[in-house]
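Let me begin by presenting the structure, written as structure tokens, before commenting on it.
There are 2 protein chains.
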Amino acid sequence: MRKFVYQFSEGSKDMKVLLGGKGANLAEMTNIGLPVPPGFTIGTDACKDYNENDQTLSEEIFEEVLTHLKLLEEKTGKQFGSNENPLLVSVRSGAPVSMPGMMDTILNLGLNDKAVQGMIHQTKDARSSLDSYRRFIQMFGDVVRGIPSYKFEEALSLIKKQKGYAQDTELTPDDLEKLITTYQELYLEHGSEPFPQDPLTQLRLAVQSVFDSWMNPRAVVYRRLNDIDPNFGTAVNIQAMVFGNTGNKSGTGIAFTRNPSTGEKAVFGEFLINAQGEDVVAGIRTPEDISKLKSHLPDAYHELMGTCELLENHYLDMQDIEFTIEKEKLFVLQTRNGKRTAQASVQVAVDLVHEGKISRDEAIKRIDTKQIDQLLHPTFEKKALEKGEVLATGLPASPGAASGKIYFDASEAVAAADLGQKVILVRNETSPEDIEGMAKSEAILTAHGGMTSHAAVVARGMGKCCVAGCSEIDINEKEKTIVTNSGITLREGDAVSLDGSTGKVYLGEILLTEAEIGGHFDELMEWVNEVKQLDIRVNADTPNDLLTAIHFGAEGIGLCRTEHMFFHEERIAYVRQMIVAESLEERKRALAHLKEMQKEDFIQLFRIAKGRPVNIRLLDPPLHEFLPKAEKDLERLAQDTGKTLAEIKKRVNELAESNPMLGHRGCRLAVTYPEIYKMQAEAIMESAVQIHDEGQKVFPEIMIPLVSSKEELAFVKQEIKESVQAIFDRERVLLPYDIGTMIEIPRACVTADEIAKEAQFFSFGTNDLTQLTYGFSRDDAGKFLPSYSERGILETDPFQTLDTAGVGALVEMAVSRGRMANPNMKMGVCGEHGGDPRSIHFFHKLGLKYVSCSPFRVPIARLAAAQVVLEEREQLQKV
Amino acid sequence: MRKFVYQFSEGSKDMKVLLGGKGANLAEMTNIGLPVPPGFTIGTDACKDYNENDQTLSEEIFEEVLTHLKLLEEKTGKQFGSNENPLLVSVRSGAPVSMPGMMDTILNLGLNDKAVQGMIHQTKDARSSLDSYRRFIQMFGDVVRGIPSYKFEEALSLIKKQKGYAQDTELTPDDLEKLITTYQELYLEHGSEPFPQDPLTQLRLAVQSVFDSWMNPRAVVYRRLNDIDPNFGTAVNIQAMVFGNTGNKSGTGIAFTRNPSTGEKAVFGEFLINAQGEDVVAGIRTPEDISKLKSHLPDAYHELMGTCELLENHYLDMQDIEFTIEKEKLFVLQTRNGKRTAQASVQVAVDLVHEGKISRDEAIKRIDTKQIDQLLHPTFEKKALEKGEVLATGLPASPGAASGKIYFDASEAVAAADLGQKVILVRNETSPEDIEGMAKSEAILTAHGGMTSHAAVVARGMGKCCVAGCSEIDINEKEKTIVTNSGITLREGDAVSLDGSTGKVYLGEILLTEAEIGGHFDELMEWVNEVKQLDIRVNADTPNDLLTAIHFGAEGIGLCRTEHMFFHEERIAYVRQMIVAESLEERKRALAHLKEMQKEDFIQLFRIAKGRPVNIRLLDPPLHEFLPKAEKDLERLAQDTGKTLAEIKKRVNELAESNPMLGHRGCRLAVTYPEIYKMQAEAIMESAVQIHDEGQKVFPEIMIPLVSSKEELAFVKQEIKESVQAIFDRERVLLPYDIGTMIEIPRACVTADEIAKEAQFFSFGTNDLTQLTYGFSRDDAGKFLPSYSERGILETDPFQTLDTAGVGALVEMAVSRGRMANPNMKMGVCGEHGGDPRSIHFFHKLGLKYVSCSPFRVPIARLAAAQVVLEEREQLQKV
């Protein structure tokens, strides 16, 4: 017989896949002797069994649950449904990977009309017992029968209004008994069945609901957003209840062993007196800082501090601990590695190294590349900020700064963001339904909830700015207004700016400035450099981009797109003259102007690069991209060139293409008009000579795009070499430089052994290669890729993460064939995958020399490049 | 020391690569005892040496020539430059592969002011000797110094006019002496040097000129058109002259051992009395039929007939023999396998099998697949022809029929053809400069020249209709007019029709009807079927195409493009309604109409196919291809669908794509709108069920286009299978059918092992695969491929002949990976390469099951498929 159910004492922290994260940690904590309420875990295998059998909970499994329930009754001395000493349990989901708030939890299960009397008998506290019962009915109705919570809330509000109560705590036992009756009627009305009085029926329904919640839409979206395997399934933890809502010596809270926002080494947390755990997370009441617990319940506080230290030393990472104090006795309900901001992530990891708890390698492994972005994001420009009008201040829930237009509804925020707007999502409090809206927004602002509210936790996970619990504003979600204390009213579409590090909300947009990094981050990145093998270069076309990238650790330019230099206003006229030229003479005249302009750019880049390699791609896009469309621009071009408007229009028409991506572009331009690349090669080498004459080092790499055959490369290369040699002869100098090719056409991969004979380097242009390998146009795929994702045909967007099975196989072929012909060939990547961590893993394993990415992704790429080395070492050790 | 020069007696017919075709045959003929004028051959190695040394004839080689010249003087008893008994030689090019008229020839070399006296002394014929001298100066001037022939012709015309002569033969020795002086003056004037009197200087210059002629532009074009290796080089044959222009007992001619136009077994040829060979080929005088030689010079005639038989039995193929009769003595100057029409090619090969001279396999090998087209080309519709007005009748120089607009200049013909016009090239006589114009024209009409004139030979080689020597019309190339005997004037752009099998020229266009094949052809094709291994299927969308193809031996449909059925006028309205539908319901209503229409088509195709496999590709092109552009069509669509014009325009805009080739098409349509393929699958299987109910066999193959991953195919296949199963369940029947995929995307090749798990067949769509592998759009590549060809970057158009190194390597990968997963998978080709002989060779070697091509290419494909088997067997025997 298969075993599906485990006592906490049977598990350990290494059994996450089977017991879920929560179950494994409850087991671990139980085993290291912490005060964990007793219980057991139904493993994820049972969830799989449930799904494989058309959402049916097998009798076999339920029998096993009952056996363990019996043990729990023995251990606690309580009995399910007893009117003297009833056993109440929590039923919580717990997946192998944390999905906070994504799935369902039921507390106080076991309460019924009889057991609530037993609870009163035990606790001598009718109010809190009855309150627990009415909460249970509400929660059970919501989770098991999908009865909207607001129905229950309405009934609660009604009775409070009738009695003139401000707080829930003012409700008398009588009020609560009436409320329980109303709740049971509501349940019958909306749930089509009476509220089940039998605790075992409650339990069975609750377990089924937890299993069902694995497939609920918000969980599915969350898994998709976070790359979580949908086959894991969830475990169910059944645990004896403890009660934080039994008076003023009771309470509940959350403690982080370090500050999850800054990384500071100090216990950080919040608690609510006389409350159950859900009250803290839901953000309905604003909790107090953990430090206040010390004066309130000093024993429990000190025990909690000790537990924090114990747990951190045990797990060797910052812990996020849920605790409840029942009549001064501390219970630990859960611990897990705490979610944290990027800044905290770096600081905690580096501090743990300094404290001798983990190694440098371990620190590197712990940083999530996805989070690094957050560190590098801009903050407000100081001077602009000084002029900023502060509307309100809330909690600094997730750092960073952002400006955008306010939207009060997640789906409207998504729609606006899809139209290209910068959006700030404004809600009284967020819930898992808002996930997609949060993902698409620049930042989140809430009026309710604390630093550990849903909005705060999720925003930190996303590396997104968040100001939470901003009680100085009044948010009306229906009217779509914010009214500030000072009486200012903002409406949908109005602009605000948020500073997630100070909690300040500003009126209007505020200029942003670049991120400042340093300290812990720099220290970590130095360790990264010692580990990584790939060079990280930058895709940069401007001095500014290059400066930023070098600041972030770029080791050269991997892709300078010369055509970006062609679009400058004062240049485009010459580009257009070059294109419409009807004779070689005419074309050369325009090219001569462009050459001087390009030289200015190259000289600047070479100066900043200080001898780092600068890879310059020669003209790539189809010529018609440069031609004007507006009548007046066409007329100007006619004037500039002395042609008639009709002639210009004819030429524009001639250059139009059915499929420009597959058309007359890249080195094909140089086959028909060799003088274009010759001009560019001259501009590059004359600039290099000038830098050399200034006594500086310079190393240009001339890259020929869109090569499909050796013959094509040989022809174009020969033309370029002649131009370069003429400069060397004239200037009586010889500079080192390389000529190589983009590998971005499938045929180039297949015939890489031939092409390698003509190339000094290969640079994989994985954007175009993905387009051609899939036959997907990036510009058009938006029409069908969403269906591919919905139907599970494509797991990830191949334009973001390299498709290793297809595109990757071609890259691999090109690498091995290229090396066959030229074993020492320099190979790198300049497509956007060069900044994607998963893709970087693949490129490292192919033994490439470098990847190149946008400036802000340079640190991410560095980190990913180090992590893959560590991963490899680990695998080697396992073998 | 390397040997560069060979006596005729040192060579044999197997030494073509070294001695050239002409040299090898002169050697062979010499060795079998035929009356060949003595001489020697400078091998192709010398040409290579010449080209490798910057067009310099090495002294070493020239020394060797002089040694052999000495031997020739001894053998003939004549001496170079002697004023008593001078040696005159011909200097002719001769490449390993025949390039008729492409390169240069010089006759009567050795004549100078002194030697001509020696010739007169010897021949006692001052007129013919002086005539030879003046011809030599003209030819030498033309070939060596590039002096235009018309300069010399003008001088000749002038003297004839002054003297009132009609024929060249009326010129007196005095006239000729004057003419020689004039010619030498012309030579000095235009050649910048005096005409060289030293025969050795003449010889050196002539040899150099022949070597130079290998690289002349028309030879380069000819090699490109005929796929001849440009590295072969040419040999030079130096041979003692014999003289057909020494009176009425002398003459020159050409004999084919069989009729090169029909293949009939009877010597066929032409001769001119008192003329040199060039007169026949150049078509300046119209020669007499060979049969007339019998009465004129009976001994020479009988010896010629004996020689024909001897040579055909020796070479076991129809021979094309050049002969000269000098004072009743027959000399054989050249023999080679005779160029022939497709019809003759088939008839000669089959007859030779019947005569027991060659095997069936040899017959198959001898048919040039390129020529087969000609046999299958249409002829005039009989009734239309009866009404046709005959303008004139010329020689039936190359069979077939064609209509088109007349052009008088090759480059204008090319320009008109490039604009899509059907063009007939009209010239007094054609020359090698006209090659490209001839290639682009439907047919060629000349006023001068015989059956062996340049126009006739080249047209037959191209499989193009030609009427030559049509002296009933007067062609004015300058005025661009034809004036007929009956006084009708035609101008550039007027339409005529030519029948190359009767020599008739008709006014206007005449309806064409399909080719009739049978007899010898059918017999040959039966032998072909016994040899070939590949099945040959047809790409057919209509009953007519399928009927034609089955008549030509197609073994099934390899590609039925369902979208072609969508364009019919009465259907397109429903297609458009389907596309602009905004709900599934709306879309399904339009699809229901289309389904009934598609069923009509499929039922017809299945009936004609009679159980042969019918491969139907589901909808492939982007939807916007079906949408209207004209305002009135947009309005109609708005009416049909009850939408506003603005809504329709919006939808049309939405569907526009930047790169439609890489856009929302193929199975991507079925991922977003599964109901489209479901409708098509239903139409196919309901049609199949109906055919089955009629008691006929039926075998549909459902082909899913543009698949890039296994998951994509699995999804679409599942949708289709459900639809098909529903029909089987409803109709209580089970029919065999296959579902498979096009392999036309590089990723599909790379992941073919995965895709094979979901496919019952692979059909390679080599058109799209070539586009994506090269990144070349077929619609746009016209802008740069010509440069690629000019610069030698691309040897052949990859859209015509499969690029085996790149695209072919991907096909090979897909085949081997596909077989790994599914060893018995059915694999074929449905791209246009399926009808290209060289590509068919490659597909056969991959062991594919079939190729599919357009109806008229089916016989070509069959032949190519047999030839590759024979080639393989030959290679196996060699091993």
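Chains as they are written, first to last, in my numbering: chain A, 1 to 879; chain B, 1001 to 1879.
We put the CB at the ideal spot given by N, CA and C, even for glycine.
Count the other CB atoms within 10 Å of the CB of F1437/B; is the residue buried (16 or more) or exposed (fewer)?
-> Counted from its first residue, the second sequence places residue 1437/B at position 437. Note that residue 1437/B is Gly in the sequence shown here, rather than Phe. With 16 or more other Cβ atoms within 10 Å, it is buried.
Is the number of C-beta pairs between the stretch 1720 to 1729 of chain B and the stretch 1783 to 1799 of chain B that are closer than 8 Å three or more?
-> no
Partner residues on chain B for F715/A, Cβ-Cβ distance less than 7 Å = Taking the first sequence and counting its residues from 1, the one referred to as residue 715/A is at position 715. Neighbours of F715/A on chain B, chain order: R1791, I1793.
Under 8 Å, do A206/A and L186/A count as touching if we go by C-beta distance?
-> As a working note, residue 206/A is residue 206 in the first sequence. As a working note, residue 186/A is residue 186 in the first sequence. No. Outside cutoff.
Leaving out the 5 sequence neighbours to the left and right, which residues in its chain are closer than 8 Å to T1489/B when beta-carbon positions are compared?
-> For the purposes of this step, residue 1489/B is taken as residue 489 along the second sequence, with counting starting at 1. Cβ within range, chain order: T1481, I1482, V1483.
Please look up how many angstroms separate the CB atoms of I1739/B and Y1677/B, rounded, as I've assumed it's under 8 Å.
-> Counting from one through the second sequence, the residue named residue 1739/B turns up at place 739. Counting from one through the second sequence, the residue named residue 1677/B turns up at place 677. About 11 Å; that fails the 8 Å criterion.
Excluding five sequence neighbours on each side, which residues of the same chain lie with their C-beta closer than 8 Å to the C-beta of A646/A?
-> As a working mapping, residue 646/A is identified with position 646 in the first sequence. There are no such residues.
Can you name the residues of chain A whose CB is closer than 7 Å to the CB of R1668/B?
-> As a first step, residue 1668/B is located in the second sequence; it is residue number 668 there, counting from the start. Under the 7 Å cutoff, chain A gives F784.
Nearest neighbour of L1304/B, chosen from L1391/B, N1539/B, F1331/B [CA to CA] = On the second sequence, position 304 is the one that residue 1304/B refers to. With distances taken between Cα atoms, L1304/B lies closest to F1331/B.
For Q928/A, which option in I61/A, V116/A, G642/A has the closest C-alpha, if you only look at C-alpha atoms?
-> The structure shown does not extend to residue 928/A, since chain A is modelled only from 1 to 879, so the question has no answer here.
At 7 Å on the CB atoms, spell out the chain B contacts of H664/A, in chain order.
-> Against the first sequence, residue 664/A aligns to sequence position 664. Residues of chain B passing the Cβ test: D1780, K1783, F1784.
Taking 8 Å as the CB-CB cut-off, is Q771/A touching chain B?
-> Reading the first sequence from its first residue, position 771 is the one you call residue 771/A. At least one chain B Cβ lies under 8 Å of Q771/A.
Quick one: what does DSSP say E1093/B is sitting in, helix, strand or coil?
-> As a first step, residue 1093/B is located in the second sequence; it is residue number 93 there, counting from the start. Note on residue identity: the sequence assigns Ser, not Glu, to residue 1093/B. Three-state DSSP puts S1093/B in a strand.
Quick one: grab the DSSP three-state call for A656/A.
-> The residue you call residue 656/A lines up with position 656 of the first sequence. In this structure, A656/A counts as coil in the three-state DSSP scheme.
Residues that R561/A bridges to, as DSSP identifies them = For the purposes of this step, residue 561/A is taken as the residue at position 561 of the first sequence. Its beta-bridge partners are R617/A.
Under 8 Å, do L1018/B and F1040/B count as touching if we go by C-beta distance?
-> On the second sequence, position 18 is the one that residue 1018/B refers to. On the second sequence, position 40 is the one that residue 1040/B refers to. No. Outside cutoff.
Which class does S1763/B belong to by DSSP, given the choice of helix, strand or coil?
-> Locating residue 1763/B in the second sequence gives position 763, counting from the first residue. If DSSP states are grouped into helix, strand and coil, S1763/B belongs with the strands.
Does the beta carbon of I579/A come closer than 8 Å to any beta carbon on chain B?
-> As a working mapping, residue 579/A is identified with position 579 in the first sequence. Taking Cβ atoms only, chain B never reaches closer than 8 Å to I579/A, which makes this a no.
Please confirm if E712/A has its CB atom under 8 Å from at least one CB of chain B.
-> Walking along the first sequence from the start, residue 712/A turns up at place 712. Judged by the 8 Å Cβ criterion, E712/A is in contact with chain B.
Straight-line gap, L507/A to R491/A (C-alpha atoms, nearest Å) = As a first step, residue 507/A is located in the first sequence; it is residue number 507 there, counting from the start. As a first step, residue 491/A is located in the first sequence; it is residue number 491 there, counting from the start. The straight-line gap from Cα to Cα measures roughly 12 Å.
What residues from chain B crowd round A805/A, counting only those whose CB sits closer than 7 Å?
-> Start at 1 with the first residue of the first sequence, and residue 805/A comes out as number 805. Neighbours of A805/A on chain B, chain order: T1751.
With a cut-off of 8 Å, do at least 3 Cβ pairs link the stretch 1056 to 1066 of chain B to the stretch 1094 to 1106 of chain B?
-> no
Distance, C667/A Cα to F1784/B Cα = Locating residue 1784/B in the second sequence gives position 784, counting from the first residue. Locating residue 667/A in the first sequence gives position 667, counting from the first residue. Cα to Cα, F1784/B sits roughly 11 Å from C667/A.
How should R1002/B be labelled, buried or exposed, when 16 other C-beta atoms within 10 angstroms of its C-beta is the threshold for buried?
-> Residue mapping note: residue 1002/B aligns to position 2 of the second sequence, counting from 1. The residue is exposed, with fewer than 16 neighbouring Cβ atoms inside 10 Å.
DSSP on E711/A, reduced to helix/strand/coil?
-> Stepping through the first sequence from its first residue, residue 711/A is reached at position 711. If DSSP states are grouped into helix, strand and coil, E711/A belongs with the helices.
Per DSSP, which one or two residues make a beta bridge with F256/A?
-> Here the question's residue 256/A lines up with position 256 in the first sequence. F268/A, D320/A, per the DSSP bridge assignment.
Should G883/A and M525/A be called a contact, given that it needs their Cβ atoms to be closer than 8 Å?
-> What is shown of chain A runs 1 to 879, which leaves residue 883/A out entirely.
Note down the Cα distance separating K357/A from N226/A, rounded to an integer number of angstroms.
-> Start at 1 with the first residue of the first sequence, and residue 357/A comes out as number 357. Start at 1 with the first residue of the first sequence, and residue 226/A comes out as number 226. Answer to the nearest angstrom: the Cα atoms are 29 Å apart.
Compute the Euclidean distance between the alpha carbons of M318/A and L594/A, then round it to the nearest angstrom.
-> Against the first sequence, residue 318/A aligns to sequence position 318. Against the first sequence, residue 594/A aligns to sequence position 594. Cα to Cα, the separation comes out at about 57 Å.
Mapping DSSP to helix, strand and coil, what is Q334/A?
-> Numbered from its first residue, the first sequence carries residue 334/A at position 334. Reduced to three states, the DSSP call for Q334/A is strand.
Can you tell me the Cα-Cα spacing of E1625/B and G1518/B, whole angstroms?
-> Your numbering for residue 1625/B matches position 625 in the second sequence. Your numbering for residue 1518/B matches position 518 in the second sequence. Approximately 41 Å between the Cα atoms of the pair.
Could you give the uninterrupted runs of the beta strand (DSSP E) lying entirely in the stretch 466 to 548 of chain A, keeping only those of 3 residues or more?
-> 473 to 476, 481 to 484, 489 to 491, 495 to 499, 504 to 507, 535 to 539
Please say whether Q760/A and K826/A have beta carbons closer to each other than 8 Å?
-> Residue 826/A sits at position 826 when you count from the first residue of the first sequence. Residue 760/A sits at position 760 when you count from the first residue of the first sequence. Contact flag set, yes.
Is it the case that the Cβ atoms of T1905/B and Q1598/B are separated by a distance below 8 Å?
-> Outside the displayed range of chain B (1001 to 1879) lies residue 1905/B, so it cannot be described from this structure.
Interface partners of T672/A on chain B, CB under 8 Å = Walking along the first sequence from the start, residue 672/A turns up at place 672. Within chain B, the residues near T672/A are K1783, F1784, S1787.
Determine, using beta carbons only, whether P621/A comes closer than 8 Å to chain D.
-> Absence of chain D from the displayed structure is noted, the protein chains being A and B.
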